[in-house]
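Shown next, in structure tokens, is the structure this report addresses.
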Amino acid sequence: MKAVNKLRDLLSLILNHKVIILGSFNFHCLQDMSDFNQFYQTSVTTNVRETSLQMNKDIVFSLSTIPHIYQSNAGTQITFVLSCGSKTYFDVHHIKSFEKNNLLHLVSQKVSDFRKHATACFNPVDITPLRNRRSDLWSSILRRNPILLLIGPHLTLAEPTDLPLYLLKVLKLSYLPHEQCHNFVMDPSLLNFKWNLSTKDSLEVLSKGAALASRKRCRLAANCPRWWAFISSHAEIRSENICGQKESLSGSRHNLQDHTDNFTQGNKINSTLSRILGLLGNNTIANNIIKQAVRLMYEISLFDTQNTMNFSSSLPNNYNGIDGRVVVEQLNFMCCHWYHVDLAVNTDESFNNECQNDALHTDISYEKLKSSVVYGLGCSFNRTLEFHTLDSSLQPTLAWEIGGYLHNSKWLGSNQLGAAIIDMQNENVFRLEEAVNFQSLSRFISAFHNSTLRPWLRHSGKNDEASFNYSRTADALILDIKHPIQLKNLIDQSFDLGEPRKNVILLYYSTTCVYSFGGNSALWQFESAARFFELNHRLLFAKVDVSKMDLPWHLTVENIPCIIFFPANRSSYSSVFPMESISSTDLFTQLVTFVHEQINHDECSHEQEQMSRFQNSSRFAAELTSHLLESMKSKASDELIQLLHESQNICNTQLLSYSKTLCLSGIQKAVFMKSHGYHSTKLTSTKMLNSLEEKLNRLNDKIVQNTFLFPLLTYQKQLMVQSIRIYSKLWNIISKHNAQIVDKLKILSNYSYLQL
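Residues in the sequence shown are numbered consecutively from 0, following numbering that gives the first Met the number 0.
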């Protein structure tokens, strides 16, 4: 929890976070001390799930020691500060009954109120999509305003003062200067609070924070190799293996960076730390290790050359009162964090053992900021840019497709920053075609507002139709469309295949859509259907990735994934596969049936026989689903495992590949439906358990309090004790039932993604 000792501290929080929950206490008052304990516990346990903001990154708790900023000193004040674009809101609450539950409710309610009036503020700066999790965050952000997207490695791990975010904040400060277009909406209780904020003050605060962070990393770079070399001789571990490094630390920074992402292939850091901590059990060497750790921690703490308190302190002579395990563990964590995170994020900095790099390469003066071509542009345009980041380490494909590089681009390597402006309303993406720095980003934004940028098109400029191949290769079931003209000609069939026209089944998908690409997705099911009709030479299955090319409006679709059947005789008589069936658990079955219905009038006897076998397999899969749903009702965990294992063996013995696929799909469907029911039951039982816990806690508190304050009547005490027994019995029964449900859900999860 950060303390606000002066207005500059509060300004730093406003510049680096979105929501600040500021507590003000009188520590000379015993009640305020108790209130502070509750406030601290709430700061540790609060998790605002209603938003996509992260605790301790976007939302922070802080302690105010600034006197005389409130009109009234009665009670405890909690100030909510919301930093939203060109406005900062202050809202003060005076709390009389300060309990943890009351504060949790207040925080949740206040965040919810803020969100209703300022939805845009609750979008995180980093919008990197999480793997295997669906979200409409990108859609909601892009639908409202164009965005400037800074793309680089490990940005999800970046601290507010790290170089990439520092650059973004300084750019935003020039784009939306405080004097011209920033308003502070004050609570009436803060009328005595004089706030004279200027762009120059904000720049000084940001620069100081970034400089301190840079000097700290410089200190770490100078002292961490000393720690690794020292501890390796005692623990008999190679120094490059302590944090999973692959190269010697004496090598170049480039070598360190190349191997940062592969550190998980080395020794496990946790087991190495356990081995180091185990040395402290040996009294002979424990004192030397603690002494060295304290000395290095002291050296690292001197990164703030302006903080005289650091220099007034000196190394302790006696180490008996120091918790050696805490010091050693913290030092090792700081060094490994620097190696794997800080060094990876701050790619523009260079470190050396002499630790002489105190100045930031991106240091920007106030004069340079004010004379920038982007200065004040955010105040004069309706469609103001929003600033966000994308982690290229977590989403390399998406990062490359949005802000990647052309054939002649050499500045955007794997460990460098890129930038793009996405204007969804006008369906344009603009790439920054030069190295990222303050000047290049300023010119980039200015050119966007002046409409002089050239949109980036996601396909090559070649229009030679003869270069397109409209036939499937021998090892490919599906034709992959690479160009809009190729797609247009395929649908119209304005080309000569040297054979009769074909019925085209076309899948629109996107590699950025979780459901349409990867895993047991629509693309996978589409490939299964293509495999089923592999011998039908009058069918051509094709796919087009809409995230990799700009399609003309008449070739676009409203939703993805989308499947369309284009008949050979006339493509305008196309049929769209029902959207509600796309998300079904038996997509393969329905897609095969759909295609068969479209070509039914042309079927020969052989294909009719094949379809008959398919329908028999489909009915068998449906019967298997019903049987499993009925059998799983009363099965214990062991019996459930045996039932699913036997069902899978039955499917694996099917001779035809599509029969096996349908059979396994039947198991998946039953598992999905049963899991849905178990999740609903688990949710209900969890609510009941929480309610019982609250009642038990209240009864227990009453019994304890009244024991010391005044005695309860005998029948009242007996009634409370009896109630506790009943509630406890109910809690045990429901808890046991809930544990059984959790066990079954774990079992079912192993059968959710069978290899069809």
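Where is the CB? At the ideal position from N, CA and C, for every residue including glycine.
The region 363–380 makes no contact with the region 475–483, as fewer than three CB pairs between them are under 8 Å. Assignment of arginine 294 by DSSP, reduced to helix, strand and coil, places it in the helix class. Beta bridge pairing from DSSP links threonine 388 with Asp125, Leu149.
Contact holds between the region 74–88 and the region 167–183, because three or more Cβ pairs, one in each stretch, are under 8 Å apart. When secondary structure is reduced to three states using DSSP, aspartate 112 falls in the helix class.
Apart from sequence neighbours up to five positions away, the residues of its chain that approach leucine 219 with a beta-carbon distance below 8 Å are Ile299, Met333, Cys334, Trp337, Asp341, ordered along the chain. Contact fails between the region 201–213 and the region 413–424, because fewer than three Cβ pairs, one in each stretch, are under 8 Å apart. The bridge partners DSSP lists for alanine 419 are Leu148, Arg430. Relative to the Cα of asparagine 558, the nearest Cα in the group Met548, Ala621, Leu506, Ala541 belongs to Leu506. Annotated three-state conformation of valine 543 is strand, per DSSP. Distance check between leucine 476 and each of Phe525, Pro152, Asn449 places Phe525 closest, using alpha-carbon atoms only.
Straight across, the Cα-Cα distance linking leucine 534 with alanine 528 is about 12 Å. The three-state reading of DSSP puts histidine 536 in coil, since its state is none of H, G, I, E or B. Counting of Cβ neighbours within 10 angstroms places glycine 277 among the exposed residues, the total staying below 16.
When only Cα atoms are considered, serine 684 and isoleucine 723 end up about 19 Å apart.
Assignment of phenylalanine 564 by DSSP, reduced to helix, strand and coil, places it in the strand class.
Counting only unbroken stretches of 4 or more residues, no alpha helix (DSSP H) element lies wholly within the region 201–243.
Secondary structure at glutamine 424: coil, using DSSP grouped into helix, strand and coil. If the five residues before and after aspartate 544 are omitted, its C-beta is found closer than 7 Å to the C-beta atoms of Tyr508, Ser509, Thr510, all from its own chain and listed in chain order. Here isoleucine 725 is exposed: its Cβ has fewer than 16 other Cβ atoms, across all protein chains shown, within 10 Å.
For glycine 280, no alpha helix (DSSP H) encloses it, and the DSSP letter there is neither H nor E. In the DSSP assignment, lysine 86 forms a beta bridge with Cys83, Asn182. Residue pairing for asparagine 502: DSSP places it in a beta bridge opposite Leu538.
The Cβ-Cβ distance between methionine 687 and isoleucine 740 does not fall below 8 Å. The beta carbon of serine 445 lies closer than 7 Å to those of Val372, Val373, Leu376 in the same chain, with the five residues before and after it left out.
For the pair aspartate 390 and leucine 154, the CB atoms are nearer than the 8 Å cut-off.
Serine 574 and valine 594 have their C-alpha atoms some 10 Å from each other. A straight-line Cα-Cα distance of about 52 Å links arginine 7 and serine 727. For phenylalanine 60, DSSP records a beta bridge to Ile20. Taking the C-beta atoms as reference points, asparagine 240 is found no nearer than 8 Å to threonine 283. Closest in alpha carbon position to asparagine 615, among Leu164, Gln647, Thr588, Asp637, is Thr588.
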